[in-house]
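Written out below as structure tokens is the structure these notes cover.
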Amino acid sequence: MTASLMTEPLSFARRAVARRGIALAAALVLAPVAAFVATGSAAAAASSAAATPAAVSVPGSSSMTYTLKASAKGFKINVDSHFDWMREGDAYRLVNSGRFTLFSFNFESSGVITPDGLQPARYQETRNKRVKAVTFDPEAKKITFSGGESEPLQAGTQDRMSVLVQLAAMGRKNPDVFASGKVVPFRVAGSSRTGMWRFRVAGTDTLDTPLGAVKAVHLVRERDEDDGQKVEVWLSADYDWMPVRVLSNESDGDYLDQVLSKFERK
């Protein structure tokens, strides 16, 4: 999704194909492999805020399968990817996974749910057993990356996986947030740094999917830096405002397209 949208999957596939000559792809929104946790400090923050009216409506647990099609350096990819959203009380876990010839990925986000939405505690990306992890410390107000680097933790920061569910939670609470022309900004943490993502609402489309015709809000991700990559996300109220399509296009014609083919509420 995204894009994971969130780990720049197509860019990774392109680099890997160029490096190893095999067809690779990545996940929806670009994310990790962690334990299902609710750390003491994060859980306490969620509990102390419990009396505050919720600003979002976080969806219940669900399991999604996407048809993934991609072109990377001339290699064509056509497989399934899986996106599992799990919540238990104030704790959540989000996993995006897939396996192809000579390649597998597993991205995971875990943390707690507060009245303001998802508050990541750990984000992890695993590609062919190579792991990169990010930890969020709300007490110290710090994000720490695998290489030891750190950045200040700003309020509302998401990771590349959790941002998709945060968008869904916003749509469930107030669909008007996705009125055409509006911009929804987030600070998003990847595996080595954070950056500003702005989702501009391009309108409402009807998509032809394996599940039939689906009406969905069309978002276009914009970033401070222009790297030549265009990422688009479609969210549908019929599926808890979760992504029904994530499309990533590169300036040279390479692309990664994920379309929802199965949705199961838990």
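Throughout the sequence shown, residue numbering follows mature numbering (1 follows the signal peptide of the UniProt record, and there is no 0), covering -37 to -1, 1 to 229 in sequence.
We put the CB at the ideal spot given by N, CA and C, even for glycine.
query, result
"Sequence-distant residues of its chain with Cβ nearer than 8 angstroms to Ala7 (five each side left out)", "Because Ala7 carries a pLDDT of 38, less than 50, the predicted location of this residue cannot be relied on, and the following value inherits that uncertainty. Contacts found: none."
"Gly134, enclosing alpha helix (DSSP H) - first and last residue", "125 to 136"
"For Ser26 and Gly74, the rounded distance between their alpha carbons", "18 angstroms"
"Val164 vs Ala132 beta-carbon contact at 9 angstroms", "no"
"DSSP-derived helix/strand/coil call for Ser11", "Note that Ser11 scores a pLDDT of 39, beneath 50, so its modelled location is shaky; the value from the coordinates is reported in the next line. Ser11: helix per DSSP, three-state reduction."
"Asp79 beta carbon less than 9 angstroms from that of residue 230", "In the structure as shown, the chain starts at -37 and stops at 229, and residue 230 therefore has no counterpart that could be examined."
"Local conformation of Ala200 per DSSP, three classes", "helix"
"Minimum C-alpha distance to Gly166 - residue among Ser60, Gly175, Val183", "Val183"
"Among Leu31, Arg156, Met159, the one whose alpha carbon lies nearest that of Lys39", "Leu31"
"Own chain, CB closer than 6 angstroms to His181, minus 5 neighbours either side, in chain order", "Ala165, Gly166, Asp168, Trp197"
"Counted within 10 angstroms of its Cβ, other Cβ atoms place Ala5 as buried (16 or more) or exposed", "Only weak support exists for where Ala5 lies, its pLDDT of 40 falling under 50; the coordinates are left without a value."
"DSSP beta-bridge partners of Asp122", "Ala152"
"Sub-9 angstroms separation of residue 230 and Ser34 beta-carbons", "This structure leaves residue 230 out entirely; the chain is present only between -37 and 229."
"Rounded separation between Ser154 and Ala96 - CA only", "6 angstroms"
"Buried or exposed by the 16-neighbour rule on C-beta atoms within 10 Å, applied to Thr64", "exposed"
"Cα-Cα separation between Arg56 and Pro83, rounded to whole angstroms", "9 angstroms"
"Which listed residue (Ala152, Gly134, Ser24, Leu223) has its alpha carbon closest to that of Ser109", "Ala152"
"Simplified DSSP assignment, three categories, for Asp139", "helix"
"Spatial distance of Leu(-10) from Pro115 (CA atoms)", "With a pLDDT of only 42 at Leu(-10), under the threshold of 50, the placement of this residue in the model should not be trusted; the figure read from the coordinates follows. Going by the C-alpha atoms only, they are around 26 angstroms apart."
"Backbone secondary structure at Ala(-22) - three-state DSSP", "Bear in mind that the predicted position of Ala(-22) carries a pLDDT of just 45, short of 50, making it too unreliable to give a figure here."
"Neighbour-count burial assignment, Arg90, 16 or more Cβ in a 10 Å radius", "buried"
"Limits of the beta strand (DSSP E) - the one that Glu213 falls within", "Run containing Glu213: none; DSSP gives neither H nor E here."
"9 angstroms Cβ cutoff met for Val147 and Arg156", "no"
"Beta-ladder partner(s) of Val94, from DSSP", "Thr89"
"Environment of Ala12 [buried if 16+ CB atoms lie within 10 Å]", "Summary for Ala12: the model assigns pLDDT 39, below 50, so the residue's position carries little reliability; its value from the coordinates is reported in the next sentence. Classification for Ala12: exposed."
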